[in-house]
Amino acid sequence: MAREGFVTAITRQSDDFPAWYNDVVLKAELASYSPVRGCMVIRPYGYAIWESMRDELDRHIKATGHSNVYFPLFVPRSLLEKEAEHVEGFNPQVAWVTHAGGKELDEWLAIRPTSEAIIAETIKDWIQSYRDLPLLMNLWNNVVRWELRTRLFLRTSEFLWQEAHTFHATEQEAREEVDLGLEIYRKVSEEWLAIPVITGRKSEGEKFPGAVYTYSIEAMMRDRKALQAGTSHYLGTNFAQAAGITFLDRDNQRRHPHGTSWGFSTRMVGATIMAHGDDSGLVLPPKVAPVQVVVVPIFRSEADRSAVADAIERFELALRSTPEGREVRLEVDWREESPGFKYNHWELRGVPFRIEVGPRDVAAGQGTLVRRVDRSKEAVPLDRLAAELPLRLTGYQQELFQRALDFREANSHQVDDYESFKRVNEEQGGFLWAHWCGSAECEAQVNQETGATIRNIPFDSAAEAGRCIVDGRPSDRRVVFARAY
RNA sequence: CGGGGCGUAGCGCAGCCUGGUAGCGCACUUGAAUGGGGUUCAAGAGGUCCCGCGUUCGAAUCGCGGCGCCCCGACCA
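Structure representation (structure tokens):
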């Protein structure tokens, strides 16, 4: 087949998507299994991808006035249990420290599944007046949620993330903060990871334990399944009440502050893999690619070798002569391996551009530029390439976004009755835009009978009179259903 | 927790039924040639055969017990 000669060490997406995903993660050396069940080791190449999105997110978080802080890994049992819905929601997933210092602890310590409880307890002394608000904090840390079935990056018992926690004097201001958190996630997903997302509100059944409401961004993977990529919660005064946080407002009234929290995790590395990857492995957007351009020298004789080396050196000098060019993450692969081996190696790792420089190229003063996403080849003069490379990377980034968007649109369907819902869901999958009356019963029935869940109630779902696909009751807008990770 | 499968070199496996020198492929090391889609040849290194007890002259192999992992069904960033 056409695949012959190209990367063959991984399962094809069409044969078995989960196996493909696993192969890519392991063989591209993003991560490996650890001695601890359900946990993972993030390897240098995978961690570099995480760092890229982490740093971008951190810039957004700081630019909007939040400060990074740190809170302990351990949460005393009594604190975790203060907010009723919160305990109930997290209880099955909490790992406990019961012994320390050689004896059983008087009070068990939870390994944080998230930090709302300990933060609320801690900051109650920090807030006395409306002048102390808003309090805008962010934590970069690890959390533990005991999982029954784990998958590298997508669901591990321990994962890395960012959790923002804020407190506000008014409900209005807190709601705006929830919007802000979600907007940051949308931007990072779409503009940095090139993953188009649907922003919307989670149904009651799917919201965060302890929240008044939860917003999410939802993305489509290349197997047409959905992935929740980030969530932002309005907590109301739930945690403030549970911890007894109050402040004196302008009108001399004592009030509970309104809280928010929002989180974005290493799961997004998995999203990036599954949103863009193909049968040859990773396809990385330039913004997150640890290596954006790889140069593969090709030579036989020593004379060829030095001519090729000279050409590459001149090209690098030209590239580094401009500010944009200096930013390009470029690697020249001089390893003692065959060119074909290197092509496969870097394609598996998703490097956007490859430049082949061999004797024929040197003679013509050019490099052969090969794009990862479509393997298109083009001979480009090396001096021109140096000037153009930054622009081409930008264009490539946009192409990947557009490609993902087109894919999502091609796999989104409007369905108006339950029979066609089941049929489309079964035969084609993807996102199903359908009317829903808003009841938890209908939501649960669809989930049980079709495996699909309501991903969210999109903000940009136009007002449209319709009838719930399950019980026919009136609905004023469509929601997005899909099978999800 | 219920059902199925598996533990032998870094990885993937054969050997076990029928007990007798622990093997194959990939990866790794060294050398030479090769080099425009995973290059070839040669030489080499690498093992508590998951653990324990038992049977036996002798156990990776047979018996008993234990441990661990993976897949499938109820929760989740």
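With the first letter of the first sequence counted as 1, position 352 gets the number 352 in this note's numbering; the numbers rise by one all the way through. We put the beta carbon where it would ideally sit given N, CA and C, even for glycine. Predicted, not measured: the structure shown is a model, and the values here were computed from it.
Pair within 8 Å by beta-carbon distance, residue i and residue j
i: E116; j: F239; result: yes
i: W146; j: Q228; result: no
i: A463; j: R477; result: yes
i: F247; j: R255; result: yes
i: G430; j: A482; result: yes
i: V174; j: T260; result: Rather than Val, the amino acid found at residue 174 in this sequence is Ala. In this structure, T260 lies closer than 8 Å to A174 by Cβ.
i: D415; j: I457; result: In the sequence as displayed, the identity of residue 415 is Val instead of Asp. Contact: no.
i: T266; j: W126; result: no
i: G281; j: V7; result: yes
i: L133; j: P257; result: yes
i: L193; j: P285; result: yes
i: V373; j: L330; result: no
i: V362; j: A303; result: no
Same chain, Cβ closer than 7 Å to residue i, neighbours up to 5 away in sequence not counted
i: W334; result: P297
i: A275; result: I195, A219, M221, R222, A404
i: F208; result: T214, T231, H233
i: D383; result: A318
i: D471; result: C437, C442
i: P76; result: E107, L109
i: P507; result: This structure does not reach residue 507, given that the chain is present from 1 up to 485, and the question cannot be answered.
Same chain only: Cβ atoms within 6 Å of residue i, ignoring 5 sequence neighbours per side
i: R3; result: With a pLDDT of only 49 at R3, under 50, the local geometry of the prediction cannot be trusted, and the value read off the model is given with reservation. Result list for R3: empty, nothing under 6 Å.
i: I184; result: H60
i: N142; result: E158, L160
i: G466; result: H435, S475
i: W140; result: Q162
i: N22; result: none
i: W262; result: A164, G181, S232
i: G270; result: F153, L154
i: A307; result: V362
Span separating the alpha-carbon of residue i from that of residue j
i: V332; j: I355; result: 9 Å
i: V328; j: N425; result: 43 Å
i: T170; j: A120; result: 17 Å
i: H165; j: L235; result: 10 Å
i: V25; j: M268; result: 13 Å
i: H86; j: G210; result: 5 Å
i: M1; j: D15; result: Unreliable placement is indicated for M1, whose pLDDT of 35 sits below 50; no coordinate value is reported for it.
i: Y418; j: F459; result: 23 Å
i: A9; j: V283; result: 16 Å
i: P290; j: E441; result: 46 Å
i: D406; j: I111; result: 42 Å
i: H66; j: V380; result: 45 Å
i: R375; j: W433; result: 34 Å
i: F74; j: A309; result: 55 Å
i: W96; j: R423; result: 45 Å
i: F71; j: Q397; result: 36 Å
i: R201; j: R455; result: 9 Å
i: T453; j: E104; result: 42 Å
i: V187; j: D106; result: Residue 187 is actually Lys in this sequence, not Val. Rounded to the nearest angstrom, the two C-alpha atoms are 46 Å apart.
i: P44; j: Q172; result: 43 Å
i: R54; j: C39; result: 20 Å
From the options, residue whose alpha carbon lies closest to that of residue i
i: S420; options: F407, H435, E409, R408; result: H435
i: W108; options: T98, G102, T114; result: T98
i: Q366; options: N138, E378, V373, D374; result: E378
i: R360; options: E313, R375, R112, R305; result: R305
i: M220; options: I195, A211, V212; result: I195
i: E347; options: K62, V293, P390; result: V293
i: K487; options: G244, V197, V7, V178; result: Residue 487 lies beyond the range of the chain shown here (1 to 485); nothing can be said about it.
i: P352; options: A364, G102, R371; result: R371
i: V197; options: H258, S412, Q448; result: S412
i: E427; options: V480, R201, K225; result: K225
i: I273; options: F153, V144, Q253; result: F153
i: V41; options: A387, E388, R151, E104; result: R151
i: L385; options: L369, L400, S52; result: L369
i: G46; options: K103, L79, V288; result: V288
i: D249; options: S129, N344, F167, S216; result: S129
i: A28; options: F167, A271, N344, H258; result: N344
i: D251; options: R131, F315, F90; result: R131
Cβ-based neighbour list, residue i, same chain, cut-off 8 Å, excluding 5 preceding and 5 following
i: P390; result: T322, E324, G325, E327, V328
i: W20; result: I10, T11, R12, Q13, G277, D279
i: K342; result: V294, V296, D333, R335
**Message:** Please give the ranges of any alpha helix (DSSP H) in the stretch 292-354, keeping only runs that are unbroken, at least 4 residues long and fully inside the region.
**Reply:** 302-319, 323-327, 339-348
**Request:** With a floor of 3 residues, list each beta strand (DSSP E) that falls wholly inside the stretch 142-181, ordered by position along the chain.
**Result:** 158-168
**Message:** So within the stretch 412-450, which uninterrupted beta strand (DSSP E) runs reach at least 3 residues, ignoring any that extend past its ends?
**Reply:** 412-414, 431-435
**Item:** Continuous beta strand (DSSP E) assignments of at least 3 residues falling wholly in the stretch 182-222
**Value:** 198-201, 213-220
**Request:** Give, in chain order, every unbroken run of the beta strand (DSSP E) that is at least 3 residues long and sits entirely within the stretch 35-103.
**Result:** 40-42, 67-69, 74-76, 95-100
**Request:** Any chance you could list the beta strand (DSSP E) runs of at least 3 consecutive residues sitting entirely within the stretch 356-392, in chain order?
**Result:** 366-371, 377-381
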